[in-house]
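Input: a single structure, listed below in structure tokens.
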Amino acid sequence: MADIKALLVDDEESFRNTLCKRLARRGMTVEQAGSGEEALERLAAFEPDVILLDVKMPGMDGLTALHKIKEVNPLIEVVMLTGHASMEIAIRGMELGAFDYLMKPVEFEELLYKLEDAFKRKKYHEDRIAARAGGE
Numbered sequence: 004m005a006d007i008k009a010l011l012v013d014d015e016e017s018f019r020n021t022l023c024k025r026l027a028r029r030g031m032t033v034e035q036a037g038s039g040e041e042a043l044e045r046l047a048a049f050e051p052d053v054i055l056l057d058v059k060m061p062g063m064d065g066l067t068a069l070h071k072i073k074e075v076n077p078l079i080e081v082v083m084l085t086g087h088a089s090m091e092i093a094i095r096g097m098e099l100g101a102f103d104y105l106m107k108p109v110e111f112e113e114l115l116y117k118l119e120d121a122f123k124r125k126k127y128h129e130d131r132i133a134a135r136a137g138g139e
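For the sequence shown, my numbering assigns the number 4 to the initial residue and increments by one for each residue that follows.
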């Protein structure tokens, strides 16, 4: 898990800080952003494998941020995080390219498992692209 670079995007600073520390202890490289706008700014200097993105934030909401993130780099896997059970939002997020979604409060081990799966999927797509490029 030490190879995973993650970006945590959530307006709840204490949640971000705690989760960032716990993921870093597991060997991940973790950066954080407090809004969708800040997440997009971070992508200019930091290329995460996986983004954990809260749906409900002031300013740019998670679905809008997801759409813009996928425009910048379609290979980044995004796991949506919501405190409000809404199948409509979950389905819309999946249509926009989210890897999956989790409900708050989330068990840490479940979150780790989901981030690891998202990372594996990103690496799989990168390897396929590299293989095709090498075969031309």
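Where is the CB? At the ideal position from N, CA and C, for every residue including glycine.
Beyond the five residues adjoining it in sequence on each side, residue 13 comes within less than 6 angstroms, by CB distance, of 19 and 57 in the same chain, given in chain order.
The beta carbon of residue 33 is closer than 6 angstroms to those of 9, 23, 26 and 27 in its chain, skipping five residues each way along the sequence.
Taking each of 17, 29 and 53 in turn and checking the Cα distance to residue 112, the smallest one comes out for 29. The closest CA to that of residue 86, considering only 107, 44, 115 and 46, is found on 107. Boundaries of the alpha helix (DSSP H) harbouring residue 16: 16–28, taken from the DSSP string. In this structure, DSSP gives residue 43 a helical state, which the three-state scheme calls helix. Taking a C-beta distance under 9 angstroms as the contact criterion, residue 82 and residue 73 do not qualify as a contact pair. Sequence-distant partners of residue 50 (beyond 5 residues in either direction) whose C-beta falls short of 8 angstroms from its own C-beta, in its chain, are 8, 76 and 79.
In the displayed model, residue 83 falls within a strand according to three-state DSSP. By the neighbour-count criterion, in which 16 or more other beta carbons inside 10 Å mark a residue as buried, residue 123 falls on the exposed side.
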